[in-house]
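Counting in the UniProt record's numbering, the final residue of the sequence shown is number 228, and the numbers go up one at a time with none missing. Virtual Cβ for every residue (Gly too), placed ideally from N, Cα, C.
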Amino acid sequence: PEVVATAAFPETNAFNHIVNGEKNTITITVENKSGRNATLLSIGGALLNPDTNVVLKNLTSLKYGVPLLEELKLQIPFTFYSEFKPGDHRLNIWVEHSAEDGTYKVEAYDSIVTVVEPALSIFDLKLLSTYAIVAAIFGGLVYLAYTTFVPQSKKPRVKNATTEAISSPVAATATGAGGYQEEWIPEHHLRKGKSGKKQSGAVSGTSGDELSGVETSGTEGKKRKGRK
(Lines of atoms letter the chains of each structure in order from A and count residues from 1; the text may use other names and numbers.)
(Lines give C-alpha, C1' and ligand atoms only; values in the text may rest on other atoms or scores of the structure.)
Protein backbone atom coordinates (compact mmCIF):
# COMPACT_ATOMS: atom_id res chain seq x y z
CA PRO A 1 0.00 0.00 0.00
CA GLU A 2 1.10 3.56 -0.65
CA VAL A 3 2.05 5.14 2.70
CA VAL A 4 4.28 8.22 2.57
CA ALA A 5 6.55 9.21 5.49
CA THR A 6 8.80 12.26 5.87
CA ALA A 7 10.86 13.66 8.77
CA ALA A 8 12.27 17.06 9.67
CA PHE A 9 14.13 18.63 12.56
CA PRO A 10 12.56 21.60 14.38
CA GLU A 11 13.19 25.11 13.07
CA THR A 12 15.41 25.78 16.08
CA ASN A 13 17.76 23.09 14.77
CA ALA A 14 18.41 24.38 11.27
CA PHE A 15 21.82 22.67 10.97
CA ASN A 16 20.54 19.20 11.86
CA HIS A 17 22.68 18.87 14.98
CA ILE A 18 22.41 15.91 17.33
CA VAL A 19 23.59 16.85 20.81
CA ASN A 20 25.21 14.20 22.97
CA GLY A 21 23.57 13.58 26.32
CA GLU A 22 20.42 15.54 25.45
CA LYS A 23 16.99 14.68 24.10
CA ASN A 24 16.88 15.07 20.33
CA THR A 25 13.52 15.29 18.59
CA ILE A 26 12.59 14.91 14.95
CA THR A 27 9.01 15.12 13.66
CA ILE A 28 7.72 12.25 11.52
CA THR A 29 4.81 12.94 9.14
CA VAL A 30 2.90 9.88 7.90
CA GLU A 31 0.14 9.94 5.26
CA ASN A 32 -1.92 6.99 4.05
CA LYS A 33 -2.60 7.28 0.31
CA SER A 34 -3.37 3.66 -0.34
CA GLY A 35 -7.13 3.87 -0.13
CA ARG A 36 -7.10 1.09 2.43
CA ASN A 37 -6.84 0.90 6.15
CA ALA A 38 -3.33 0.70 7.62
CA THR A 39 -1.80 0.73 11.07
CA LEU A 40 1.38 2.45 12.22
CA LEU A 41 3.33 -0.18 14.13
CA SER A 42 6.62 1.51 15.08
CA ILE A 43 9.28 4.07 14.21
CA GLY A 44 12.98 3.19 14.36
CA GLY A 45 16.32 4.44 13.17
CA ALA A 46 20.08 4.03 13.14
CA LEU A 47 23.30 6.02 12.82
CA LEU A 48 25.63 4.87 10.08
CA ASN A 49 29.12 5.67 8.87
CA PRO A 50 28.67 8.19 6.02
CA ASP A 51 31.44 6.59 3.94
CA THR A 52 30.95 2.85 4.46
CA ASN A 53 27.25 2.78 5.50
CA VAL A 54 28.19 0.55 8.41
CA VAL A 55 25.67 0.73 11.25
CA LEU A 56 27.26 2.44 14.23
CA LYS A 57 24.30 2.46 16.58
CA ASN A 58 20.64 1.46 16.38
CA LEU A 59 18.20 3.94 17.87
CA THR A 60 15.51 2.76 20.25
CA SER A 61 12.35 1.87 18.34
CA LEU A 62 9.06 3.32 19.54
CA LYS A 63 5.88 1.27 19.17
CA TYR A 64 2.57 2.99 18.45
CA GLY A 65 -0.20 0.79 17.04
CA VAL A 66 -2.03 3.85 15.69
CA PRO A 67 -4.48 3.45 12.78
CA LEU A 68 -3.60 5.42 9.64
CA LEU A 69 -6.77 6.82 8.22
CA GLU A 70 -7.04 7.39 4.50
CA GLU A 71 -5.89 10.80 3.22
CA LEU A 72 -5.02 11.97 6.75
CA LYS A 73 -1.57 13.24 7.67
CA LEU A 74 -0.34 12.17 11.07
CA GLN A 75 2.59 13.99 12.74
CA ILE A 76 4.45 12.07 15.42
CA PRO A 77 7.52 13.31 17.38
CA PHE A 78 10.34 10.79 17.46
CA THR A 79 12.74 11.31 20.36
CA PHE A 80 16.13 9.69 20.86
CA TYR A 81 19.32 10.20 22.85
CA SER A 82 22.82 10.36 21.45
CA GLU A 83 26.15 9.24 22.95
CA PHE A 84 28.34 9.13 19.87
CA LYS A 85 31.68 10.43 18.75
CA PRO A 86 31.34 14.06 17.56
CA GLY A 87 31.37 14.43 13.81
CA ASP A 88 29.27 13.79 10.71
CA HIS A 89 27.09 10.68 10.62
CA ARG A 90 24.33 9.36 8.46
CA LEU A 91 20.94 9.24 10.14
CA ASN A 92 18.37 6.80 8.80
CA ILE A 93 14.80 6.70 10.16
CA TRP A 94 12.03 4.41 8.95
CA VAL A 95 8.33 3.83 9.61
CA GLU A 96 6.90 0.34 9.93
CA HIS A 97 3.20 -0.17 9.23
CA SER A 98 0.86 -3.01 8.50
CA ALA A 99 -1.96 -3.49 6.02
CA GLU A 100 -4.37 -6.33 5.21
CA ASP A 101 -1.77 -8.21 3.21
CA GLY A 102 1.34 -7.77 5.34
CA THR A 103 3.90 -5.54 7.06
CA TYR A 104 5.86 -2.83 5.31
CA LYS A 105 8.76 -0.50 6.08
CA VAL A 106 8.94 3.00 4.63
CA GLU A 107 12.01 5.25 4.83
CA ALA A 108 11.24 8.62 6.46
CA TYR A 109 14.68 10.25 6.73
CA ASP A 110 18.11 9.53 5.28
CA SER A 111 20.64 12.36 5.48
CA ILE A 112 23.93 13.51 7.02
CA VAL A 113 23.74 14.95 10.52
CA THR A 114 26.38 16.36 12.84
CA VAL A 115 26.88 15.01 16.34
CA VAL A 116 28.09 17.74 18.74
CA GLU A 117 28.87 18.05 22.43
CA PRO A 118 26.55 20.15 24.64
CA ALA A 119 27.51 23.80 25.12
CA LEU A 120 29.12 24.52 28.48
CA SER A 121 27.51 27.09 30.74
CA ILE A 122 29.01 28.78 33.79
CA PHE A 123 25.58 28.53 35.44
CA ASP A 124 25.46 24.73 35.12
CA LEU A 125 24.86 23.55 38.70
CA LYS A 126 26.28 20.09 38.08
CA LEU A 127 29.45 21.54 36.61
CA LEU A 128 29.82 24.08 39.42
CA SER A 129 29.34 21.42 42.09
CA THR A 130 31.94 19.23 40.42
CA TYR A 131 34.43 22.10 40.34
CA ALA A 132 33.74 22.87 44.01
CA ILE A 133 34.35 19.27 45.08
CA VAL A 134 37.57 19.03 43.07
CA ALA A 135 38.80 22.37 44.46
CA ALA A 136 38.06 21.29 48.05
CA ILE A 137 39.93 17.99 47.61
CA PHE A 138 42.89 19.72 45.99
CA GLY A 139 43.03 22.37 48.73
CA GLY A 140 43.00 19.68 51.42
CA LEU A 141 45.85 17.79 49.76
CA VAL A 142 47.93 20.97 49.42
CA TYR A 143 47.39 21.87 53.08
CA LEU A 144 48.29 18.35 54.20
CA ALA A 145 51.47 18.38 52.12
CA TYR A 146 52.41 21.82 53.46
CA THR A 147 51.98 20.86 57.09
CA THR A 148 53.81 17.57 56.56
CA PHE A 149 56.86 18.54 54.53
CA VAL A 150 57.40 22.26 55.26
CA PRO A 151 59.17 22.84 58.62
CA GLN A 152 57.31 25.19 60.88
CA SER A 153 59.41 28.08 62.27
CA LYS A 154 59.43 28.36 66.08
CA LYS A 155 58.15 31.64 67.40
CA PRO A 156 60.50 33.43 69.87
CA ARG A 157 59.30 33.37 73.44
CA VAL A 158 58.25 36.85 74.50
CA LYS A 159 59.13 37.64 78.10
CA ASN A 160 56.66 39.41 80.26
CA ALA A 161 57.60 43.08 80.43
CA THR A 162 56.00 43.39 83.87
CA THR A 163 58.12 40.54 85.27
CA GLU A 164 61.29 42.10 83.89
CA ALA A 165 60.41 45.48 85.40
CA ILE A 166 59.87 43.94 88.81
CA SER A 167 62.90 41.63 88.79
CA SER A 168 65.40 44.19 87.46
CA PRO A 169 67.20 46.06 90.31
CA VAL A 170 66.85 49.83 90.56
CA ALA A 171 70.14 51.68 90.82
CA ALA A 172 69.97 54.26 93.61
CA THR A 173 71.99 57.40 92.96
CA ALA A 174 72.81 59.87 95.65
CA THR A 175 71.80 63.42 95.00
CA GLY A 176 72.55 66.52 97.01
CA ALA A 177 74.41 66.74 100.26
CA GLY A 178 72.18 64.30 102.10
CA GLY A 179 73.07 61.37 99.81
CA TYR A 180 69.53 60.30 99.04
CA GLN A 181 66.84 60.83 96.40
CA GLU A 182 63.91 62.83 97.62
CA GLU A 183 61.47 61.25 95.17
CA TRP A 184 61.62 57.99 97.14
CA ILE A 185 60.73 59.74 100.46
CA PRO A 186 57.06 60.31 101.28
CA GLU A 187 55.93 63.89 100.96
CA HIS A 188 54.87 64.32 104.59
CA HIS A 189 58.36 63.34 105.81
CA LEU A 190 59.91 65.93 103.51
CA ARG A 191 57.59 68.60 104.86
CA LYS A 192 58.54 67.75 108.46
CA GLY A 193 62.25 67.88 107.65
CA LYS A 194 62.02 71.28 105.99
CA SER A 195 59.97 72.81 108.81
CA GLY A 196 62.50 71.53 111.36
CA LYS A 197 65.37 73.17 109.51
CA LYS A 198 63.56 76.51 109.45
CA GLN A 199 62.91 76.43 113.20
CA SER A 200 66.51 75.60 114.08
CA GLY A 201 67.72 78.46 111.88
CA ALA A 202 65.47 80.95 113.66
CA VAL A 203 66.69 79.86 117.12
CA SER A 204 70.32 80.08 116.15
CA GLY A 205 69.81 83.57 114.77
CA THR A 206 68.16 84.82 117.97
CA SER A 207 70.81 83.40 120.27
CA GLY A 208 73.53 84.96 118.18
CA ASP A 209 71.96 88.36 118.48
CA GLU A 210 71.67 87.96 122.21
CA LEU A 211 75.31 86.99 122.51
CA SER A 212 76.40 89.91 120.43
CA GLY A 213 74.34 92.21 122.70
CA VAL A 214 76.07 90.86 125.82
CA GLU A 215 79.45 91.29 124.28
CA THR A 216 78.57 94.89 123.37
CA SER A 217 77.42 95.73 126.89
CA GLY A 218 80.62 94.29 128.34
CA THR A 219 82.76 96.38 126.09
CA GLU A 220 80.90 99.51 126.96
CA GLY A 221 81.38 98.77 130.68
CA LYS A 222 85.11 98.45 130.23
CA LYS A 223 85.28 101.77 128.45
CA ARG A 224 83.41 103.48 131.25
CA LYS A 225 85.81 102.10 133.91
CA GLY A 226 88.76 103.38 131.97
CA ARG A 227 87.41 106.87 131.80
CA LYS A 228 86.95 107.05 135.51
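Assigned exposure category for residue i - 16 Cβ within 10 Å defines buried
i      : result
His89  : buried
Tyr109 : buried
Ser111 : exposed
Ile133 : exposed
Ser207 : Note that Ser207 scores 45 on pLDDT, short of 50, meaning its location in the model is unreliable and no value can be drawn from it.
Val113 : buried
Thr82  : Reading the sequence as shown, one finds Ser at residue 82 and not Thr. Its Cβ being crowded by 16 or more others within 10 Å, Ser82 is buried.
Residues near residue i in its chain [Cβ-Cβ closer than 8 Å; skip 5 each side]
i     : result
Lys73 : Thr29, Val30, Glu31
Pro67 : Asn37, Ala38, Thr39, Leu40
Interface flag, residue i vs chain D, CB-CB below 9 Å
i     : result
Val66 : In the structure shown, chain D cannot be found, because there is only a single protein chain.
Which listed residue (the options) has its alpha carbon closest to that of residue i
i     : options                        : result
Glu22 : Val134, Val115, Tyr143, Ile137 : Val115
Glu70 : Gly139, Val4, Leu144           : Val4
Phe87 : Lys57, Ile18, Ser129           : Checking the displayed sequence, the identity of residue 87 turns out to be Gly instead of Phe. Residue Ile18 is the option with its Cα nearest to Gly87.
Gly45 : Asn13, Ala119, Leu144, Thr25   : Thr25
Tyr64 : Val106, Glu96, Ala135          : Glu96
Residues near residue i by beta carbon distance below 7 Å, same chain, minus five either side
i     : result
Val54 : Leu48
Gly35 : Glu70
Pro50 : Asp88, His89, Arg90, Ile112
Counterpart residues of residue i in DSSP-defined beta bridges
i     : result
Glu11 : BP columns for Glu11 are empty, so no partner.
Asn24 : Phe80
DSSP state of residue i mapped onto helix, strand, coil
i      : result
Thr6   : strand
Thr148 : helix
Ala99  : strand
Leu74  : strand
Thr130 : helix
Leu69  : coil
Val115 : strand
Gly139 : helix
Ala16  : What sits at residue 16 in the sequence shown is Asn, not Ala. Coil, per DSSP.
Arg36  : coil
Same chain, Cβ closer than 6 Å to residue i, five either side skipped, listed in chain order
i     : result
Ser61 : Ser42, Gly44
Ile76 : Ile28
Lys85 : none
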